[in-house]
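Rendered as structure tokens:
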């Protein structure tokens, strides 16, 4: 059996290695368009910033090491020019020698990946503008930064695009001493999060000295008068940025599938390769994995999506090798989009669908926001974990979760991701038995708390209004905002609204007669727990129209720092 694999990073290298472990006699040819194979692409920002010091560690494997260990025929700097699925062969060009040759196959694996999106902006080919896809890109960025650091006292860098790589590059450029401006065309940074979660990262970036511009894209790059290698960036709004000595183009990726489309293999309108549950394409004996494929969204029946992440790509490569060598033994169940990024002191993690997606698909959902500590409050060093859970308010099915904080963020999202893949519901989150010791958690873990809060909504023990509706409600004379925080908290943190009523929770039972029963009562505290207690008190004392403020003051204040002047 002869297996040809196009692409040698996460999915392709994983498929090749697994195929060899399953079949000693198979002929396995891996064609990689660049000079490196099986490299640590996710670690490149950290090498640029100096956190990874040894360049050799960026190349996880080399063609020689893969040959010596696995007897793989790895050919680098080879670009596939065409695929003939009827004749089962590919035409390839050796970029080093110019030789063009054909390679036949019994099975073909497409691990072609995604390429950085480079829109036709005037001046986008100027010096000092870089995308980050390969180790060569990484090396060019490091060389450019080293050169500019010697020549320029106040190094200014622009990062265009506030996705995962964009945020990582902002952090690492600041670590190298640069002044950084982050420009994002969308209204918020880090699109997988919802706006009230992303703002926590944005506020921290600003506190670290980063200039953050959202809702505005780059319209032109021009030569800076004082430095022909620097660029003046003009934004769509007309705003002109200070001269940038370097710009990182993190404007997203597009599937690198031209050769696939030209071969007549079925792709989506956006260019992603269509595959079945076994990761087979529309062509016989042709398989596809990684960033270039569209896969099942396991949260919505019949829905597909593209999720370019390294973890799914590696698992898909292994699975395809199994299906080639052993027959159709493994079905790909879909991608949940479990991800995490570090931005200075904060981590942001997410899984599944966000609220924007739920709204776009007009699906019934509810959200809870909680803000507990990362571990027991009496043990020193606990940090707030801001967690959002999205779920079906009738069935308790979990659609997604997001978390931001300094500690314990990714482990909570990993637990919820595992629960989602096991088809657990919010009830089950409340009952999960998780590790506890004061330095690492609480007897009632963050995940348990999220499940319990959602469970209360599903079971009708509490109802809520969202933080985004509070400003409108504050101007409604039929609504009363009741803040059950202590006066000292309000003095130090701030008020929700100018005319909000303040009755501390411990005084509530003795002051119920001060609250009008003919109004809509919206209850809030600092993080949500006391407001829930107040809600239960009010409902059991005959107050009919009561809601809690989702996320309480902590969520509202993060995105609306000023009190509402009603």
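Residue numbers (this note's numbering): 22 to 587. All C-beta atoms, glycine included, are put in the ideal place defined by N, C-alpha and C.
Query	Result
Whether residue 424 touches residue 406 by CB criterion (8 angstroms)	yes
Residue 245 versus residue 251: straight-line alpha-carbon distance, rounded	5 angstroms
Residue 410 versus residue 370: straight-line alpha-carbon distance, rounded	12 angstroms
Alpha carbon of residue 545 to alpha carbon of residue 563, nearest angstrom	19 angstroms
Spatial distance of residue 183 from residue 149 (CA atoms)	19 angstroms
Residues near residue 623 in its chain [Cβ-Cβ closer than 7 angstroms; skip 5 each side]	The structure shown does not extend to residue 623, since the chain is modelled only from 22 to 587, so the question has no answer here.
Under 8 angstroms between C-beta atoms of residue 555 and residue 526	yes
Whole-Å CB distance - residue 322 paired with residue 294, under 8 angstroms assumed	At roughly 22 angstroms, the Cβ-Cβ gap does not stay under 8 angstroms, so residue 322 and residue 294 are not in contact.
Reduced DSSP secondary structure (H/G/I, E/B, other) of residue 546	coil
Exposure label - residue 2; buried when at least 16 CB within 10 Å	Absent from the model: residue 2. The displayed extent of the chain is 22 to 587, so no value can be given.
Own chain residues within Cβ distance below 6 angstroms of residue 403, not counting five before or after	394, 395, 396
When 392, 155, 119 are compared against residue 578, the one with the closest alpha-carbon	392
Cβ contact (3+ pairs, closer than 8 angstroms) linking the segment 232-242 and the segment 250-266	yes
Beta-bridge pairing of residue 96 - partner residues as DSSP gives them	52
One or two residues paired with residue 295 in a DSSP bridge	315
CA-to-CA distance, residue 359 to residue 318, given in whole angstroms	12 angstroms
Limits of the unbroken beta strand (DSSP E) element including residue 566	From DSSP, residue 566 is part of no beta strand (DSSP E); its letter is neither H nor E.
Distance between residue 217 and residue 208 (C-alpha atoms, nearest Å)	12 angstroms
Neighbourhood of residue 485 by C-beta, 6 angstroms cutoff - its chain only, sequence neighbours within 5 removed	568, 569, 571
Counted within 10 angstroms of its Cβ, other Cβ atoms place residue 456 as buried (16 or more) or exposed	exposed
Exposure label - residue 31; buried when at least 16 CB within 10 Å	buried
Cβ neighbours of residue 140 in the same chain (closer than 7 angstroms, five flanking residues each side left out)	272
Range covered by the beta strand (DSSP E) that runs through residue 480	It is not in any beta strand (DSSP E) - residue 480 carries neither H nor E in the DSSP assignment.
Cβ-based neighbour list, residue 580, same chain, cut-off 6 angstroms, excluding 5 preceding and 5 following	217, 220
DSSP state of residue 365 mapped onto helix, strand, coil	coil
Euclidean distance between Cα positions of residue 91 and residue 331	22 angstroms
Proximity test, residue 301 beta-carbon vs the ligand MG heavy atom, cut-off 7 angstroms	The model depicted lacks the ligand MG and carries no ligand whatsoever.
Coarse secondary structure for residue 265, derived from DSSP in three states	strand
Candidates 557, 192, 467, of which the one nearest residue 483 by Cα	557
Candidates 364, 385, 355: closest to residue 441 by CA position	355
Three-way DSSP call (helix, strand, coil) for residue 398 in this model	coil
Residue 335, DSSP secondary structure in three states	helix
Beta-bridge pairing of residue 578 - partner residues as DSSP gives them	In the DSSP output, where bridge partners are listed per residue, residue 578 has none listed.
Helix, strand or coil at residue 187 [DSSP, three-state]	helix
Cα-Cα separation between residue 164 and residue 158, rounded to whole angstroms	10 angstroms
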